[in-house]
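Everything on this sheet refers to the single structure shown next.
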Amino acid sequence: MNTDAASRPGATPTPSVPLAEVKTATQRAADTRWVWTLAGTCALVAALIVAWAFAGRGPEIRIRFMDGHDLKTGDAIKYRGINVGELVDVRLSEDLASVEVRARLLQSAAHLARAGSRFWIERPHVGLGQIRGLGTIVGGRYLAVLPGPDDALPQLEFQGLEAPSDAVENTEGGLEVILDCDQRHGMQPGSPLTYRGVTVGSIISVGLSTDAARVETRVRIEQQYAALVRSNTVFWRASGLDMSFGLFKGLELDVESLSTLAAGGVSLATPAPPGARAVTGQRFRLVDKSDPKWREWAPQIALGSTLLPEGAARPTPARVSLRWLEKQIIGSKVRQRGGWMLLLEGGTLLAPGDLVTPVEGSVDGSSVIAWAGREDRLTPTSSVHSGEIALFAATEVPTSAGKPWPRSLIRTAAGPEDCALFADPVSPPVALSTGRLAADGGVWTIDPAVSLDTDWHGAAVVSRTDGKLIGTLVVQGQTRRILPIDMGLLDGQSAMKAP
Amino acid sequence: MNSSARDEFMSAPTDCKACAHCGLIHRLPDLAPGESAMCVRCGEVVHAPGWARRSLRITASAAFGALILYVPAMLLPILRIDRLGFHNESSVLVGTIDIIRHGNWFVGGVVLLFSIVFPLIKLLLLLELSLLRLMGERSKAITHTVLEHAGRWSMMDVMLLAFLVMLVKLGALAEFTFGPGAVAFVLCVVMSIFASSSFDPRAIWETDG
Chain E
6 MNTDAASRPG ATPTPSVPLA EVKTATQRAA DTRWVWTLAG TCALVAALIV AWAFAGRGPE
66 IRIRFMDGHD LKTGDAIKYR GINVGELVDV RLSEDLASVE VRARLLQSAA HLARAGSRFW
126 IERPHVGLGQ IRGLGTIVGG RYLAVLPGPD DALPQLEFQG LEAPSDAVEN TEGGLEVILD
186 CDQRHGMQPG SPLTYRGVTV GSIISVGLST DAARVETRVR IEQQYAALVR SNTVFWRASG
246 LDMSFGLFKG LELDVESLST LAAGGVSLAT PAPPGARAVT GQRFRLVDKS DPKWREWAPQ
306 IALGSTLLPE GAARPTPARV SLRWLEKQII GSKVRQRGGW MLLLEGGTLL APGDLVTPVE
366 GSVDGSSVIA WAGREDRLTP TSSVHSGEIA LFAATEVPTS AGKPWPRSLI RTAAGPEDCA
426 LFADPVSPPV ALSTGRLAAD GGVWTIDPAV SLDTDWHGAA VVSRTDGKLI GTLVVQGQTR
486 RILPIDMGLL DGQSAMKAP
Chain S
74 MNSSARDEFM SAPTDCKACA HCGLIHRLPD LAPGESAMCV RCGEVVHAPG WARRSLRITA
134 SAAFGALILY VPAMLLPILR IDRLGFHNES SVLVGTIDII RHGNWFVGGV VLLFSIVFPL
194 IKLLLLLELS LLRLMGERSK AITHTVLEHA GRWSMMDVML LAFLVMLVKL GALAEFTFGP
254 GAVAFVLCVV MSIFASSSFD PRAIWETDG
């Protein structure tokens with residue numbers, strides 16, 4: 006091989022430069038337009054990312070405040086303790102008269118942007134009656150929101166509240182009355198309104214009447230307590246501290262509660278035959294001192310519930326506890342289970358069947374139920390059944406069992422409907438919407454996402470539309486079912502009792 | 074180079090070509106459509122009809138994809154920081170502008186230049202070279218030179234490393250979550266690396282199409 010000739014410039018290529026091999030290529034070389042799908046894929050991915058970024062973004066709302074209280078862009082809006090949006094912009098309005106806050110809500114919280122929603126800036130507040138917003142000392146300010154009524158129209162512009170809202174969450178349906186007095190005596194908005202020491206409402210505003218002759222106090226009574234206020238109800242200032250000194254009785258101190266002592270409040274009492282129900286706007290005289298005999302007034306007034314229609318009474322199920330001796334290989338063992346049953350007109354009690362029948366596998370005659378302060382031995386004939394629901398015929402109904410539920414307020418429901426569950430009379434009921442119930446062969450199964458523990462076994466189910474009893478809740482382990490009322494069971498029972 | 078010599082060179086392309094992998098020079102045989110010339114030493118493709126067009130198309134496609142992803146990568150929130158109730162969320166562009174506005178001209182400028190401006194320039198030049206094949210030889214040469222130099226300073230990937238460092242160091246102090254911009258950013262980096270690695274400078278001089 007002549008390497009000299011090959012390396013010399015200008016020389017013709019010699020065979021020392023190898024000839025490339027020829028190979029039949031695959032067809033991918035033929036058409037190369039497929040490579041553009043790469044750019045297309047990128048565009049698609051970019052579009053997806055943008056869609057992801059903008060998903061979950063709800064409407065943008067504008068709120069005006071007189072004072073910004075150090076609010077900053079990026080601060081959160083919170084409702085029920087979690088973030089529901091964030092501030093996009095905080096600036097002075099053009100006329101320098103207010104602070105304009107623009108905020109973006111999350112998609113899941115978009116419904117907060119509706120007429121009647123109230124926004125305020127949560128900040129540390131240490132008052133005599135309460136301490137709130139401590140978290141904002143370290144964690145920065147946030148905007149709190151209280152949504153307006155469910156059926157309100159969407160709204161995007163709001164006037165922010167200057168002070169935290171003390172209004173209760175469910176303000177619609179409450180009762181508002183006006184109290185007249187001569188002196189303000191330290192009453193302030195937010196102070197509690199108490200009935201027998203239980204807070205039933207709060208003071209909304211205090212101010213001079215238009216002719217400056219009196220002090221007018223507007224109070225709101227929560228809906229479930231509205232029935233307590235009657236035409237003959239008396240109101241007095243619960244200044245908290247009542248001190249009197251007598252030669253023989255010594256020093257007497259009467260303190261309502263620490264919060265009324267500090268913030269001042271109003272108490273009310275209604276005499277024994279209660280008068281007509283008060284209506285919103287009614288005026289009452291607010292007196293300075295309570296009469297000792299007012300404390301002895303004990304009218305029986307059925308309380309309503311915010312979940313029930315106005316004027317509907319709430320059922321008061323009685324606590325029932327079933328005790329039995331379980332047969333063991335050697336001897337026996339005491340077992341127990343509990344729940345609720347509802348006293349009906351006619352002296353029978355509506356209860357889940359497993360609470361009022363002798364337990365299978367128990368020592369004969371050992372099943373005993375304790376309810377309303379008495380004990381009853383269960384026999385196979387002491388109750389009638391319809392599926393899992395039973396009617397227990399008590400031999401005697403103690404007065405402590407509460408007011409019987411009238412027959413006229415019971416009906417059969419055609420299918421799942423919005424209802425409220427009532428068990429423990431002093432704790433709040435649970436609302437269930439139709440969407441949480443699945444009809445399954447005459448029984449409604451409750452969505453597992455609703456939290457209800459076994460303590461609700463036997464709770465009364467009342468329709469939210471007409472306040473009538475429509476079923477009984479049965480909790481068995483993880484399954485919670487509502488068994489609609491079977492009118493046949495009620496009729497059968499009355500027939501059985503007749504002879 | 075005088076013009077007649079260049080014309081001669083351009084009109085009669087040499088039939089010799091070096092293998093891109095092992096550097097061995099080959100004489101190219103006449104190729105029928107569907108055939109390709111293979112290296113006798115390493116077996117890689119030395120030449121195939123239309124190879125330049127294909128190479129440039131891949132580059133153009135990747136660069137175009139990277140450019141599309143560049144927009145959400147810069148504008149969407151990339152990092153969310155929650156610390157003791159303070160919530161912060163910013164995109165690369167807004168974050169960089171914030172750094173500059175707070176007076177950190179040096180750091181902000183460096184980030185702006187190397188992570189935002191140079192990557193964009195690099196992508197645009199790659200697109201220009203691979204798509205606009207009608208450019209004159211001189212402007213091609215200039216563009217290529219600029220690309221060679223500016224491309225080296227395009228360091229989007231360094232930013233990724235910075236995020237990682239921040240995540241490790243502040244992980245205990247604050248809560249970090251990646252925003253949608255981070256996904257776009259990573260994909261944009263991948264695509265722009267792919268575009269520049271698939272770019273074969275020899276292809277821009279090829280006239281056979």
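Protein sequences, first through last, are from chains E and S.
So the first sequence is numbered by our numbering: it starts at 6 and just counts up by one.
So the second sequence is numbered by our numbering: it starts at 74 and just counts up by one.
The beta-carbon is built from N, C-alpha and C at its ideal position, and this holds for glycine as well.
Quantities reported herein were computed from a predicted structural model and do not represent experimental measurements.
Q.
Short of 6 Å in beta carbon distance, which residues of its chain neighbour L140 of chain S, apart from the five on each side in sequence? Order them along the chain.
A. As a first step, residue 140 of chain S must be located in the second sequence, where it is residue number 67. Excluding residues within five positions, the ones whose Cβ falls inside 6 Å are L196.
**Q.** Beta-carbon separation (whole angstroms), F191 of chain S vs W226 of chain S, contact threshold 8 Å
**A.** Taking the first residue of the second sequence as 1, we reach residue 191 of chain S at position 118. Taking the first residue of the second sequence as 1, we reach residue 226 of chain S at position 153. With a Cβ gap of about 5 Å, F191 of chain S and W226 of chain S count as contacting.
Q: Would you mind stating whether A323 of chain E and A307 of chain E have Cβ atoms separated by less than 8 Å?
A: Your numbering for residue 323 of chain E matches position 318 in the first sequence. Your numbering for residue 307 of chain E matches position 302 in the first sequence. No, Cβ-Cβ distance for A323 of chain E and A307 of chain E is not below 8 Å.
Q) Excluding the five sequence neighbours on either side, which residues of its own chain have a C-beta within less than 6 Å of the C-beta of R219 of chain E, listed in chain order? A) For the purposes of this step, residue 219 of chain E is taken as the residue at position 214 of the first sequence. The residues are D185.
Q. If you run the structure through DSSP and keep just helix, strand and coil, what is R319 of chain E?
A. Your numbering for residue 319 of chain E matches position 314 in the first sequence. Of the three classes helix, strand and coil, the one that applies to R319 of chain E here is coil, per DSSP.
Q: Determine which residues share a DSSP beta bridge with H120 of chain S and list them.
A: The residue given as residue 120 of chain S occupies position 47 in the second sequence. Beta-bridge pairing links H120 of chain S to S:A110.
Q. Relative to the C-alpha of D80 of chain E, which residue among E:C47, E:R107, E:G446 is closest?
A. Sequence index remark: in the first sequence, residue 80 of chain E carries index 75 (1-based). The shortest Cα separation from D80 of chain E among E:C47, E:R107, E:G446 belongs to E:R107.
Q) Can you name the start and end residues of the beta strand (DSSP E) that L161 of chain E belongs to? A) Residue numbering aside, residue 161 of chain E sits at position 156 when the first sequence is read from its first letter. No beta strand (DSSP E) holds L161 of chain E; DSSP gives it neither H nor E.
Q: Measure the C-alpha to C-alpha separation of N175 of chain E and R282 of chain E and round it to an integer number of angstroms.
A: Looking up residue 175 of chain E in the first sequence gives position 170. Looking up residue 282 of chain E in the first sequence gives position 277. Caution applies to N175 of chain E, whose pLDDT of 47 falls short of 50 and renders its modelled position unreliable; the model cannot decide the point.
Q: Quick one: using the 10 Å Cβ neighbour count with 16 as the cut-off for buried, is K473 of chain E buried or exposed?
A: What you label residue 473 of chain E is simply residue 468 of the first sequence in a count that begins at 1. K473 of chain E comes out buried.
Q. Does the beta carbon of F272 of chain S come closer than 8 Å to any beta carbon on chain E?
A. Taking the first residue of the second sequence as position 1, residue 272 of chain S is located at position 199. Not one chain E Cβ lies under 8 Å of F272 of chain S.
Q.
Measuring straight from C-alpha to C-alpha, what distance separates S387 of chain E and V234 of chain E?
A. Along the first sequence, read from residue 1 onward, the residue named residue 387 of chain E stands at position 382. Along the first sequence, read from residue 1 onward, the residue named residue 234 of chain E stands at position 229. Whole-angstrom Cα-Cα distance: 42 Å.
Q.
Please classify G252 of chain S as buried or exposed, where buried requires at least 16 neighbouring CB atoms within 10 angstroms.
A. Sequence index remark: in the second sequence, residue 252 of chain S carries index 179 (1-based). Buried, by the Cβ-count rule.
Q.
List, from N- to C-terminal side, the alpha helix (DSSP H) runs of 4 residues or more that fit wholly inside the stretch 145-178 of chain S.
A. 165-174
Q: Determine, using beta-carbon pairs with one atom in the stretch 153-165 of chain E and one in the stretch 60-80 of chain E, whether at least three such pairs fall under 8 Å.
A: yes
Q. Looking at the structure shown, is C261 of chain S part of a helix, part of a strand, or coil, going by DSSP?
A. Your numbering for residue 261 of chain S matches position 188 in the second sequence. Helix.
Q) Rounded to the nearest angstrom, how far is the Cβ of A277 of chain E from that of W241 of chain E, given a contact under 8 Å? A) Taking the first sequence and counting its residues from 1, the one referred to as residue 277 of chain E is at position 272. Taking the first sequence and counting its residues from 1, the one referred to as residue 241 of chain E is at position 236. Between W241 of chain E and A277 of chain E the Cβ distance is about 18 Å, and since that is not below 8 Å, they are no contact.
(Q) Please state the DSSP three-state secondary structure of R485 of chain E. (A) What you label residue 485 of chain E is simply residue 480 of the first sequence in a count that begins at 1. Strand, per DSSP.
Q | 8 Å Cβ cutoff, V89 of chain E in contact with chain S | A | In the first sequence, residue 89 of chain E corresponds to position 84, counting from 1. Output row for V89 of chain E: interface = no.
Q) Is the shortest distance between the beta-carbon of A531 of chain E and the beta-carbons of chain S less than 8 Å? A) Since the displayed chain E opens at 6 and closes at 504, residue 531 of chain E lies outside it and no answer follows.
Q) Do R382 of chain E and G366 of chain E come within 8 Å of each other at the CB atom, strictly closer than that value? A) Here residue 366 of chain E is taken as the residue at index 361 of the first sequence, counted from 1. Here residue 382 of chain E is taken as the residue at index 377 of the first sequence, counted from 1. For G366 of chain E and R382 of chain E, no; Cβs fall outside 8 Å.
Q) Going by other Cβ atoms of all chains shown within 10 Å of its Cβ, with 16 needed for buried, is L246 of chain S buried or exposed? A) Numbered from 1 along the second sequence, position 173 holds the residue referred to as residue 246 of chain S. Exposed is the call here.
Q: Tell whether a beta-carbon distance below 8 Å holds between G358 of chain E and I415 of chain E.
A: Working through the first sequence from its first residue, we reach residue 358 of chain E at position 353. Working through the first sequence from its first residue, we reach residue 415 of chain E at position 410. Cβ atoms of G358 of chain E and I415 of chain E: not closer than 8 Å.
**Q.** Interface flag, V448 of chain E vs chain S, CB-CB below 8 Å
**A.** On the first sequence, position 443 is the one that residue 448 of chain E refers to. Taking Cβ atoms only, chain S never reaches closer than 8 Å to V448 of chain E, which makes this a no.
Q) Using CA coordinates, which residue listed in E:K338, E:Q193, E:G86, E:T321 is at the minimum distance from L426 of chain E? A) Here residue 426 of chain E is taken as the residue at index 421 of the first sequence, counted from 1. Of the candidates E:K338, E:Q193, E:G86, E:T321, the one whose C-alpha sits nearest the C-alpha of L426 of chain E is E:T321.
Q.
Helix, strand or coil, according to DSSP, for E301 of chain E in the structure here?
A. Residue 301 of chain E sits at position 296 when you count from the first residue of the first sequence. In the structure shown, E301 of chain E sits in a helix (DSSP, three-state: H, G or I).
Q) Can you list, in chain order, the residues of its chain whose CB lies under 7 Å from that of L260 of chain S, leaving out five sequence neighbours each side? A) The residue given as residue 260 of chain S occupies position 187 in the second sequence. Here the set comprises L142.
**Q.** Residues near I277 of chain S by beta carbon distance below 6 Å, same chain, minus five either side
**A.** Counting from one through the second sequence, the residue named residue 277 of chain S turns up at place 204. Excluding positions up to five away in sequence, the list reads L202, K213.
Q.
Counting C-beta neighbours from all protein chains within 10 Å, is the total for W178 of chain S 16 or more, i.e. buried, or is it exposed?
A. For the purposes of this step, residue 178 of chain S is taken as the residue at position 105 of the second sequence. It counts as exposed.
Q: Please list, in chain order, all residues of the same chain as I487 of chain E whose beta carbon is under 6 Å from its beta carbon, the five residues on each side excluded.
A: By 1-based counting over the first sequence, the position of residue 487 of chain E is 482. Same-chain partners within the cutoff: W449, V466, G476, L478.
Q: Taking only the alpha-carbon atoms, compute the straight-line gap between F137 of chain S and K90 of chain S and give it to the nearest angstrom.
A: One-based indexing of the second sequence puts residue 137 of chain S at position 64. One-based indexing of the second sequence puts residue 90 of chain S at position 17. Near 30 Å, if we compare the C-alpha coordinates of K90 of chain S and F137 of chain S.
**Q.** Straight-line Cα distance separating S269 of chain S from T216 of chain S
**A.** Against the second sequence, residue 216 of chain S aligns to sequence position 143. Against the second sequence, residue 269 of chain S aligns to sequence position 196. Distance between the alpha carbons of T216 of chain S and S269 of chain S: 14 Å.
**Q.** Cβ-based contacts, 7 Å cut-off: residues of the stretch 47-68 of chain E near chain S
**A.** C47, A48, V50, A51, I54, V55, W57, A58
Q. Who are C424 of chain E's beta bridge partners in DSSP?
A. Your numbering for residue 424 of chain E matches position 419 in the first sequence. In DSSP, C424 of chain E forms a bridge with E:L437, E:S468.
**Q.** C112 of chain S at chain E interface by Cβ criterion, 8 Å
**A.** For the purposes of this step, residue 112 of chain S is taken as the residue at position 39 of the second sequence. Yes, because at least one Cβ of chain E sits closer than 8 Å to the Cβ of C112 of chain S.
Q.
Please confirm whether H33 of chain S has its beta-carbon closer than 8 Å to some beta-carbon of chain E.
A. Outside the shown range of chain S (74 to 282) lies residue 33 of chain S, about which nothing can therefore be said.
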